[in-house]
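Before any comments, here is the structure.
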Amino acid sequence: MFVRIFLYKIKELTRMRSIVGWNFLFPLVLATAFYVGFGNLIKEDPDTFKTIDVGYVNTNSQDSPFSELLEELSKETDEHIQVLNVQSFKDEKSASKAMDDKKISGFYLENGDKINTVIKENGLASTTLNQIVRAYENAKFQLEEITTNHPEKIEQAIKLQSKDLNLMKEHSFGNNTSRYLQYFFALIAMSSLFSSWISTSMLNGICANISEGGKRFECAPANKLVAVAAGTLAGMLIQSVSNAIVVIYIQYVLNINIGIPLGETILITTIGSGIGIAAGTLIGSLLPNPKYHVVVPLLFSMTCSFFSGLMWDQIKQLIQYKCPIINKINPAALITDSLFIRATYGRTDTYIQNIIIMLSMIVGCLFISSICLRRRKYVSL
Amino acid sequence: MSVFKAVFKSIKSTFGNLILYFAIFTFFGNLSAKTIATTNETMFKESKVSVAIINNDESALSNGLVDYLKETQKVVNPRTDSLEDINENTRFGIYNYAVIIPEDFSEKLSNGDAENALEYISAGASTSEYLLTQKIDDYLKDVVIYLECGYSEQEAIDLTNKQMIKLEETKALVQSSTEEDHFSFFSGMYTFNAYSLMMILCTCISSALLFMKNPDVKNRISVSGMSFQKRNTAIITSVLLLGIILTLLCIVAVHILGFNYSSDKSIYYIINTFALMLIGIGMAYLITSITSSENIIAMLSNMLTLSMCFLCGVFVSTDLMSASVLKAAQFLPLYWYVSAVHYINDTPLGQIWGTTFATKISIEILFALIFFALGMIISRKKEQYAV
């Protein structure tokens, strides 16, 4: 009986146009829109340091140490960073014109001992240009101070100033997952939660107070637990297949490396589908009016997905910073977080914790639903 | 009047959706607009990097560095000890940089073994990362040089701090400033409005139109004494009025949230929003002509609106998109809405009203008319073939 109900449920659910549209088509369309819109940003981070085009006007008759500094900063470092791209101008007017034409971000004007930084607008690039002058002046002040108070150490000071002391190092985490990949993880989470209306649709067919089919089902001499379990598993299978299609589409068709082995991604999304199915069963059992069986799961999936970063990638982290407990009760955030952690750090304690919370959510929702659904009696139908 | 009232009553079931989209708009639209809003500056203003500090040393040297960062940058609380959480906070822009001062920091500096004395976490090789790394490096290098040259620890800290404060006087000169250099709060809000208003309109108008398509309702109205013309006029007027009310609701919300910002260009933003309203109504009409299923209407509304928002620069700035995507996006109505918002933002007040603005608004209206025409063709064909 289990197999028969399982197969019939698969047939029934796959013939529902809305389920095919929402669960199979919608995530693929959205993934394509994401890819077309900002797929390039995953490979080329827009925040990466870009060489600053700067002008240099020296009104003095000879070269200064500052021009040597600019020359030094125009060379590529060991980390493949070229800080400046310097263009020399004969006077301030021509440099201003180049700045107005957006050929340079600003220019240095050296007149006697004084160096002025001229910029068009405030921002990080302008602050960096100004900082170069500050660092140059700082070195001058320091040498003056040491010459006054410890003249015997001046040679050592000059030597140290010209040396790269490597005082700082960046903490390495292995994989650097792009923040734009977060949108795709949130999309996979949304797709997983869409299984919630698979279970509300399934409940429509087994509750006597909702449909004619439900009346026939409830009076049939079939084991209800087996029937509900078969239906739930059928829904989960359909959603897992849908998720696998989305993941394969992102990884192999759109060619975006998720950074997690395919099997493990499908495993995480299958647990996500389980949450969707369990949440849908809970919604269906708590709200007997079939009018709400589409709207409420839709609101549930979209709200959870929004807070997991589907439309604004910062939101999940903002919640994590201000009130992390919300991310631990939002199923979409748990799925997104599990995928992000697995891709960036591997199987950490937080990853295992997320999986355990998701499994507990499934058990909790199904337990409450079973209490609501068992031994129902109808006064009139 | 009864048809008119019925249309308004029919949207009762969409109140949940309406409140949700409106809440998203007022809360997150506001937050996002405030984050990206910039002002027009004529004086040099140093960009401050938001930095979280974990000080495990608590020595005079480490406290000196912390004080320097507090004075020159925006120091925030990391709120966690987990390096993974800190990494995610920097990656997603909660703060730009994190400095981890190890326990043996001052010991290393004093012993002359200063290599890798400090650790930092940043979101890749960005400009803010380069800038702050340079600043901290300059500071530490000064301290190390003073210590190596025979100064005491306290002298080294005091001299370095004094020097750094003196250097604050070295400021760049801002030569000119144009409207293009800033992005106003209203531009941010009206850009986000593209998503909220489209979803609100598609949900409510579709629900109303679907109600009027219900065979029972349709038949009851048909057998009533109301003429065909009167009936259709009532439906069109009520749908338009509904659209206007919902649009005004969003506009009022924008202006309440932005009451302390200058809003001299409001009239142009409002004209653009009403053009968006026509697109929203047109799209709702087109969707309801395709299907009568509430579920599929919700799916199509989400699919079309979300896709357009991602492709037309509502959620992700158009500056980050490739030229080919932007060219393709010109065939979508939201591109012109967002483009008009940017045009209003970048153009001086007296020069907005002109051919460019009128062209953008006209294209938006044209898209709305195309949606209406498509909807009518589909409805007619469906009636013709009894689909």
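Protein sequences, first through last, are from chains C and U. With the first letter of the first sequence counted as 1, position 170 gets the number 170 in the numbering used here; the numbers rise by one all the way through. To convert, count from 1 in the second sequence and add 1000; that's the numbering used here. For glycine and all other residues, C-beta sits at the position ideal for the given N, C-alpha and C.
When C/Ile283, C/Arg216, C/Gln317, C/Lys291 are compared, the shortest CA-CA separation from serine 301 of chain C is found for C/Ile283. Within the segment 118-152 of chain C, the residues whose Cβ lies closer than 7 Å to some Cβ of chain U are Val118, Ile119, Lys120, Glu121, Asn122, Gly123, Leu124, Ala125, Ser126, Thr127, Thr128, Leu129, Asn130, Gln131, Val133, Arg134, Ala135, Glu137, Asn138, Phe141, Gln142, Glu145, Ile146, His150, listed in chain order.
With a cut-off of 8 Å on Cβ pairs, the segment 1111-1121 of chain U is not in contact with the segment 1067-1077 of chain U, counting fewer than three such pairs.
Here DSSP, grouped into helix, strand and coil, assigns phenylalanine 107 of chain C to strand. Cα atoms of lysine 103 of chain C and lysine 90 of chain C: separation of roughly 16 Å, rounded to the nearest angstrom. Between glycine 205 of chain C and serine 211 of chain C, the C-beta gap is smaller than 8 Å, which places the two residues in contact.
The way I'd put it, the segment 114-127 of chain C doesn't touch the segment 1153-1160 of chain U; fewer than three beta-carbon pairs between them come closer than 8 Å. Counting only runs of 3+ residues, the beta strand (DSSP E) found wholly inside the segment 1060-1086 of chain U occupies 1074-1076, in chain order. When 7 Å is used as the limit between beta carbons, cysteine 1149 of chain U is near these residues of chain C: Ile146, His150, Lys153, Gln156, Ala157, in chain order. When 7 Å is used as the limit between beta carbons, glycine 263 of chain C is near no residue of chain U, the shortest such separation being about 24 Å. Distance from the Cα of phenylalanine 1025 of chain U is smallest, within the candidate group U/Leu1197, U/Ser1047, U/Ser1292, U/Ile1221, for U/Leu1197.
The continuous alpha helix (DSSP H) containing glutamine 1229 of chain U extends over residues 1228-1257. Nearest to alanine 1373 of chain U by C-alpha distance, out of U/Phe1044, U/Lys1108, U/Ile1279, is U/Ile1279. Look at the segment 303-322 of chain C: the residues with a C-beta under 9 Å from a C-beta of chain U are Thr303, Phe306, Gly309, Leu310, Met311, Trp312, Asp313, Gln314, Ile315, Lys316, Gln317, Leu318, Gln320, Tyr321, Lys322. By the neighbour-count definition (other C-beta atoms within 10 Å, threshold 16), aspartate 1138 of chain U is a buried residue.
Boundaries of the beta strand (DSSP E) around glutamine 87 of chain C: 84-88. Per the coordinates, the alpha-carbon of methionine 190 of chain C lies some 15 Å from the alpha-carbon of leucine 267 of chain C.
Under the Cβ distance rule, leucine 160 of chain C counts among the residues neighbouring chain U, one pair being separated by less than 8 Å. Taking 8 Å as the upper bound for CB-CB distance, isoleucine 19 of chain C and leucine 13 of chain C are in contact here, some 6 Å apart. When the beta-carbon positions are compared, asparagine 116 of chain C and leucine 1366 of chain U stay at least 8 Å from each other.
At a C-beta separation below 7 Å, proline 46 of chain C has these neighbours in chain U: Leu1320. Cα atoms of glutamine 317 of chain C and glycine 1243 of chain U: separation of roughly 35 Å, rounded to the nearest angstrom. With respect to threonine 128 of chain C, threonine 1127 of chain U sits close: the two C-beta atoms are nearer than 8 Å. One thing to note: serine 285 of chain C has its Cβ no nearer than 8 Å to the Cβ of serine 360 of chain C.
In this structure, aspartate 313 of chain C lies away from tyrosine 108 of chain C, with their beta-carbon atoms at least 8 Å apart. For the C-beta of lysine 169 of chain C, the chain U residues within less than 8 Å are, from N- to C-terminus, Asn1116, Leu1118, Glu1119, Tyr1120.
Taking leucine 187 of chain C as reference, the option from C/Ile277, C/Phe306, C/His293, C/Tyr136 with the minimal CA-CA separation is C/Phe306. By the criterion of a C-beta distance shorter than 7 Å, tyrosine 351 of chain C is surrounded in its chain by Ser338, Ile341, Arg342, once the five residues flanking it on both sides are discounted. Counting along the chain, no beta strand (DSSP E) covers tyrosine 1021 of chain U; the unbroken alpha helix (DSSP H) around it starts and ends at 1015-1024. In terms of Cβ geometry, serine 1184 of chain U and phenylalanine 1008 of chain U do not form a close pair [threshold 8 Å]. Here aspartate 63 of chain C is exposed, its C-beta having fewer than 16 other C-beta atoms within 10 Å. Annotation: the continuous beta strand (DSSP E) that includes leucine 1118 of chain U extends over 1118-1122. Straight-line measurement puts the Cα of serine 199 of chain C at about 33 Å from the Cα of valine 1314 of chain U. Against glycine 106 of chain C, the close residues of chain U are Ala1172, in the order they occur along the chain (beta-carbon pairs closer than 8 Å).
Lysine 114 of chain C is bridged by DSSP to C/Asn111.
For alanine 33 of chain C, the secondary structure class from DSSP, reduced to helix, strand or coil, is helix.
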